[in-house]
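Undergrad: Protein chains in written order, with the numbering used here: chain P, 39 to 346; chain L, 440 to 844. I am attaching a structure below and will ask some questions about it afterwards.
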Amino acid sequence: MNSESIVAVENFQMKFGKRTVIEDLSFEVFSGEVFGFLGSNGSGKTTTIRTLLGIYEPTRGKLLINGKRFDSSESAFLGYLPEERGLYKKESVLDTMVYFGELKNLSRTEARKTSLEYLDRVGLADKAHKQLGSLSGGQQQKIQLGVTMMNHPALLILDEPTKGLDPVNRRLMVDMVNERVKDGATVILVTHHMDEVERLCDRVMLLKDGFRRLYGTLEEIRKTYGGNTVRVRFSGTLPERTDLYRVRSREGMSGAELLVADNVESEAVLKFLANMPGIKLASFEAGRASLEDLFVDIYSENEKTSYA
Amino acid sequence: MHNLRTVILFEFIRAIKKKSFWVSILAIPLLVGVVGGISFLSAQAASNAQEAALQAPLKVAILDQSGIITEVAKKQFSISDIENKEEGISRVKSGVLDEFIIYPEDPTKEPVQIYAKDVGLFNNGKYESFAQKLLRLSAESEITSPVRLAIVNDSSAVTTALITYENGEKAKGFESVIAPGLFLVLFFLLIMLMGNEMLASTTEEKENRVIEMILTTVTSQTLLFGKIISLILLALVRIAVMLVPIIIGFVYFGKGSALPAGWLVNIDLSPGPIAIAAAIFVLAFFLFTGLLVTIGAVMPTGKEAARFFGLVMFSMFIPLYAVQAILSDPSQIIVKVFSFFPTTAPVTLLLRNAAGNLASWETALGLFILTVCMMTVLFSAARAFRYGALEYSRRLSFREIFGKS
């Protein structure tokens with residue numbers, strides 16, 4: 039990853055009639071990084087991507103790829119896997135892949151060769167001449183991902199690439215994305231799987247109500263928004279909130295996750311609880327808020343997964 | 440049948456609550472009523488006009504080289520004699536005479552020549568009927584030769600050759616209708632055969648959810664025009680498949696067919712009407728393709744789009760209900776309206792152009808309206824396609840499509 043910006047979005051606003059989908063959004067994606075684009079369903083991720091790719095015109099703002107507005111003549115540069123899956127169901131697998139390869143400026147021969155290699159890789163070589171509609175959902179999804187990556191694009195935009203895949207195929211897909219990253223591709227990854235984000239992404243952005251709510255490296259986000267957590271098992275009565283912590287969640291009658299106050303060490307919480315009358319600690323585990331916790335908290339209007 | 444009542448109620452109520460249900464059940468009878476009324480009034484008006492024209496006494500002169508026409512018959516129909524062919528034709532051209540008939544020495548061997556004032560393609564037949572009737576009546580009065588006998592007994596023994604004049608110029612006959620009229624047939628066939636394909640070309644991609652990937656590799660306009668051009672190519676293939684056997688059949692078996700010899704040679708290939716018909720045809724084809732593609736792009740499924748497809752087809756072919764008025768009395772208001780209303784203009788203008796009753800200013804105005812509408816529709820289609828093609832589960836309103844920046 040380097041600091042050269044490959045995608046730059048500035049003050050983007052999008053309205054559909056009177057409905058405002060994106061209020062004011064700015065972000066950058068750097069060359070060679072995997073950028074996690076997060077947000078709940080309907081938060082405006084797909085609209086942002088469609089506008090970035092020139093499918094929609096923005097109401098306001100600049101959405102640039104390589105310093106200029108993307109247009110379809112640069113399709114060789116891009117691989118896009120949309121959220122809505124679909125291919126020509128009545129056509130054969132190979133014909134469809136070759137058609138898309140040609141749309142992405144590959145020669146017919148090149149497109150055919152690449153398609154057959156890919157089908158072999160994902161174990162679908164025997165399906166090359168079958169109708170797409172006769173394949174299972176997961177198999178169709180593999181074909182679609184193959185269509186997305188067959189031209190070895192410098193920028194990959196993958197909207198939930200592993201949605202609906204079994205664990206084996208999910209891993210295969212993640213491996214293939216990683217291979218592209220190793221080859222220097224930049225990836226914008228839309229996903230609801232926080233484990234994928236933690237495993238793949240260098241930086242993330244979380245969108246809510248048309249605004250950017252989280253933005254930065256995973257470490258920066260955890261540091262800024264996450265805070266320390268402590269998981270305890272106990273008997274007795276645990277106070278809901280003190281100067282040192284607040285209870286984030288209860289786990290039955292004898293367990294809880296605590297959010298530690300800013301500038302307070304976890305050890306201080308341990309010392310406090312250990313000395314507190316009416317409570318007996320059975321276990322104590324210090325940690326940090328997970329990305330999933332952050333996501334859930336922000337969408338539950340808690341703003342910061344921290345003590346405040 | 441557990442829960443049958445619940446299912447029936449649910450299905451019935453959800454269907455009956457839809458606006459589109461009421462629109463579809465009310466719109467069609469309403470339109471049929473309107474069109475039925477229009478066609479009835481048009482037919483009546485045209486029929487009255489024709490009847491009046493047919494009953495009006497004709498000013499007729501003859502040059503009888505056969506000697507068959509009797510003085511009694513001439514007197515009965517107030518017919519005068521003219522000894523000079525050129526003079527007779529000149530009087531027809533100047534409007535002094537309605538009809539000038541030359542009976543040859545043997546009418547069973549040579550055609551009876553008729554020169555007459557043009558009263559429209561479908562009314563000119565009265566001149567031939569009159570010439571035949573006059574000859575037969577005269578021959579009947581005194582059957583003294585095999586020729587006279589043949590005239591009386593064999594209705595096909597005498598042939599006629601009619602030339603009509605309009606404003607002093609030779610008017611165009613049925614031969615002139617064929618070439619420009621072919622464009623109407625072609626248009627009708629293409630829309631009927633290709634309409635569903637036009638509609639499906641966008642709804643199918645939408646239902647397959649494939650459009651979004653394609654739109655990152657080509658613009659919506661390129662995709663749209665690619666589709667339209669491929670539809671035209673498909674149409675040409677269809678036309679070829681339909682025409683080739685006919686042409687082969689005509690070439691190889693034409694001699695034995697019912698078509699008169701030299702039929703093809705007689706077809707009027709004047710470039711003017713053909714060029715106008717071609718221009719109307721091209722504009723109309725693009726207009727309707729754009730319209731159908733727009734419907735396909737706006738509607739979430741092929742099933743929903745099909746409802747509107749029926750309405751478009753209906754609005755396009757309404758003029759056929761008033762065909763009599765369009766061909767024989769183009770001055771009627773309904774004909775003018777049909778000529779310049781975008782969806783009815785193509786069929787009406789093609790019909791009128793073929794019939795030769797389309798004035799220059801009407802041609803210009805009609806082509807202008809079709810051009811503007813075609814461009815507007817294609818622009819709308821591209822926009823609807825760009826936004827509507829990505830709406831997989833709901834119908835976009837026009838405000839949403841055109842309200843987007």
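All residues carry an ideal CB built from backbone N, CA and C; glycine is no exception.
I'd like to know whether the C-beta of L148(P) is nearer than 7 Å to at least one C-beta of chain L.
TA: Stepping through the first sequence from its first residue, residue 148(P) is reached at position 110. Position check: residue 148(P) holds Glu in this sequence, whereas Leu was assumed. So, not an interface residue.
Undergrad: Drop a sphere of 10 angstroms on the beta-carbon of D221(P), count the other beta-carbons inside from all chains shown, and report buried for 16 or more, exposed for fewer.
TA: Numbered from its first residue, the first sequence carries residue 221(P) at position 183. D221(P) comes out exposed.
Undergrad: Tell me which same chain residues have a C-beta within less than 8 Å of the C-beta of M755(L), skipping the five on either side of it?
TA: On the second sequence, residue 755(L) is found 316 positions in, with the first residue counted as 1. Cβ neighbours of M755(L) beyond the five flanking positions: I630, F727, T782, T783, P785 and V786.
Undergrad: DSSP three-state label for E608(L), please.
TA: In the second sequence, counting from the first residue as 1, residue 608(L) sits at position 169. Strand, per DSSP.
Undergrad: Between S113(P) and chain L, is the shortest Cβ-Cβ distance under 7 Å, so that the two count as touching?
TA: To locate residue 113(P), count along the first sequence from 1; it is residue 75. Chain L, which has a Cβ nearer than 7 Å to the Cβ of S113(P), makes this yes.
Undergrad: For V285(P) and F310(P), what's the separation of their Cα atoms in angstroms?
TA: Numbered from its first residue, the first sequence carries residue 285(P) at position 247. Numbered from its first residue, the first sequence carries residue 310(P) at position 272. For V285(P) and F310(P), the distance between alpha carbons rounds to 14 Å.
Undergrad: Taking only beta-carbon atoms, is L672(L) less than 7 Å away from chain P?
TA: As a first step, residue 672(L) is located in the second sequence; it is residue number 233 there, counting from the start. No - not a single Cβ of chain P is within 7 Å of the one on L672(L).
Undergrad: Find the residues of chain P that neighbour R648(L), judging by a C-beta separation of less than 7 Å, and give them in chain order.
TA: Looking up residue 648(L) in the second sequence gives position 209. By Cβ distance, chain P contributes E122, R123 and G124.
Undergrad: State yes or no: is the beta carbon of Y118(P) nearer than 7 Å to at least one beta carbon in chain L?
TA: What you label residue 118(P) is simply residue 80 of the first sequence in a count that begins at 1. So, interface residue.
Undergrad: Is any beta-carbon of chain P found at less than 7 Å from that of L654(L)?
TA: Translated into the one-based positions of the second sequence, residue 654(L) becomes position 215. L654(L) counts as touching chain P.
Undergrad: For the candidate residues L443(L), L817(L) and V446(L), whose alpha-carbon lies nearest to that of T661(L)?
TA: Residue 661(L) sits at position 222 when you count from the first residue of the second sequence. Minimum Cα distance to T661(L) is reached at L817(L).
Undergrad: Using a Cβ-Cβ cut-off of less than 8 Å, give me the residues of the stretch 155-186 of chain P that come near chain L, in sequence order.
TA: Hits within the stretch, in order: Q182, V185 and T186.
Undergrad: Residues of chain L with CB closer than 8 Å to the CB of S110(P), please, in chain order.
TA: The residue you call residue 110(P) lines up with position 72 of the first sequence. What S110(P) touches in chain L: L654, T655, T656, V657, T658 and T661.
Undergrad: Would you mind telling me which residues of chain P sit closer than 8 Å to E567(L), beta carbon to beta carbon, in chain order?
TA: Locating residue 567(L) in the second sequence gives position 128, where the first residue counts as 1. Result: empty, since nearest Cβ-Cβ is about 57 Å, beyond 8 Å.
Undergrad: Can you list the beta strand (DSSP E) stretches of 3 or more residues lying completely in the stretch 185-235 of chain P, in chain order?
TA: Taking only runs of at least 3 residues, the beta strand (DSSP E) segments lying wholly in the stretch 185-235 of chain P are 193-197 and 224-228.
Undergrad: Could you tell me whether the stretch 158-176 of chain P touches the stretch 218-232 of chain P, using the rule of 3 or more Cβ pairs below 8 Å?
TA: The stretch 158-176 of chain P vs the stretch 218-232 of chain P: no contact.
Undergrad: Should the stretch 734-754 of chain L be called in touch with the stretch 634-645 of chain L, which here means at least 3 C-beta pairs below 8 Å?
TA: Yes: the two stretches touch, three or more of their Cβ pairs being nearer than 8 Å.
Undergrad: Excluding the five sequence neighbours on either side, which residues of its own chain have a C-beta within less than 6 Å of the C-beta of K342(P), listed in chain order?
TA: On the first sequence, residue 342(P) is found 304 positions in, with the first residue counted as 1. No answer about K342(P) holds up, because its pLDDT of 46 lies below 50 and its placement is not dependable.
Undergrad: Let me make sure I understand the geometry here. Which of I541(L), G607(L), T642(L) and V680(L) has the alpha-carbon closest to that of V737(L)?
TA: What you label residue 737(L) is simply residue 298 of the second sequence in a count that begins at 1. Looking at the Cα atoms, T642(L) is the closest of the given residues.
Undergrad: Check whether the stretch 559-578 of chain L and the stretch 519-531 of chain L are in contact - that is, three or more C-beta pairs closer than 8 Å.
TA: Contact between the stretch 559-578 of chain L and the stretch 519-531 of chain L is absent, because fewer than three Cβ pairs lie under 8 Å.
Undergrad: Note down, in chain order, all residues in the stretch 134-148 of chain P with a beta-carbon under 8 Å from any beta-carbon belonging to chain L.
TA: Result list: F138, L141 and K142.
Undergrad: Which same chain residues, not among the five before or five after L797(L), have their C-beta less than 7 Å away from its C-beta?
TA: For the purposes of this step, residue 797(L) is identified with residue 358 of the second sequence, where counting begins at 1. Counting only Cβ-Cβ distances below 7 Å, and skipping sequence neighbours, we find L788 and R791.
Undergrad: Do you know how far the Cα of L102(P) is from the Cα of M232(P)?
TA: Start at 1 with the first residue of the first sequence, and residue 232(P) comes out as number 194. Start at 1 with the first residue of the first sequence, and residue 102(P) comes out as number 64. Approximately 27 Å, taken between the alpha carbons.
Undergrad: Does any C-beta atom of chain P lie closer than 7 Å to the C-beta of E651(L)?
TA: To locate residue 651(L), count along the second sequence from 1; it is residue 212. Yes - at least one Cβ of chain P is within 7 Å of the one on E651(L).
Undergrad: Less than 6 Å between the CB of V228(P) and some heavy atom of the ligand FAD, yes or no?
TA: Among the components modelled here there is no ligand, and therefore nothing to report on the ligand FAD.
Undergrad: Within the same chain, show all residues whose beta-carbon is closer than 8 Å to that of P758(L), passing over the 5 residues directly before and after it, in chain order.
TA: Taking the first residue of the second sequence as 1, we reach residue 758(L) at position 319. Correct list, in chain order: I765, F777, T783, V786, T787 and L790.
Undergrad: Judging by CA-CA distance, which residue of T97(P), S130(P), F138(P) and S69(P) is the nearest neighbour of G105(P)?
TA: The residue given as residue 105(P) occupies position 67 in the first sequence. Comparing Cα positions, the closest option is S69(P).
Undergrad: Hey, which unbroken runs of the beta strand (DSSP E) at 3 residues or more fall wholly within the stretch 134-183 of chain P?
TA: Taking only runs of at least 3 residues, no beta strand (DSSP E) segment lies wholly in the stretch 134-183 of chain P.
Undergrad: Specify, as a first and last residue, the run of the alpha helix (DSSP H) that A793(L) falls within.
TA: In the second sequence, counting from the first residue as 1, residue 793(L) sits at position 354. Element bounds for A793(L): A784 to A794.
Undergrad: For Y94(P), which three-state DSSP category applies?
TA: Taking the first residue of the first sequence as 1, we reach residue 94(P) at position 56. Three-state DSSP puts Y94(P) in coil, outside helix and strand.
Undergrad: Could you give the residue range of the alpha helix (DSSP H) that holds I259(P)?
TA: For this step, residue 259(P) is matched to residue 221 along the first sequence. Residues L256 to I259.
Undergrad: Can you find at least 3 beta carbon pairs, one from the stretch 118-136 of chain P and one from the stretch 170-186 of chain P, that sit closer than 8 Å?
TA: Result yes; three or more Cβ-Cβ pairs closer than 8 Å.
Undergrad: Are N266(P) and S321(P) touching if we call contact CB-CB under 7 Å?
TA: Locating residue 266(P) in the first sequence gives position 228, where the first residue counts as 1. Locating residue 321(P) in the first sequence gives position 283, where the first residue counts as 1. Taking 7 Å as the Cβ cut-off, N266(P) and S321(P) do not qualify as a contacting pair.
Undergrad: Out of P277(P), L116(P), G80(P) and D281(P), which has the shortest C-alpha to C-alpha gap to I44(P)?
TA: Reading the first sequence from its first residue, position 6 is the one you call residue 44(P). For I44(P), the nearest C-alpha among the options comes from L116(P).
Undergrad: Please confirm if K106(P) has its CB atom under 7 Å from at least one CB of chain L.
TA: Taking the first sequence and counting its residues from 1, the one referred to as residue 106(P) is at position 68. Not one chain L Cβ lies under 7 Å of K106(P).
Undergrad: If you draw a straight line from the C-alpha of K513(L) to the C-alpha of S519(L), how long is it?
TA: Position 74 of the second sequence, counted from the first residue, corresponds to residue 513(L). Position 80 of the second sequence, counted from the first residue, corresponds to residue 519(L). For K513(L) and S519(L), the distance between alpha carbons rounds to 7 Å.
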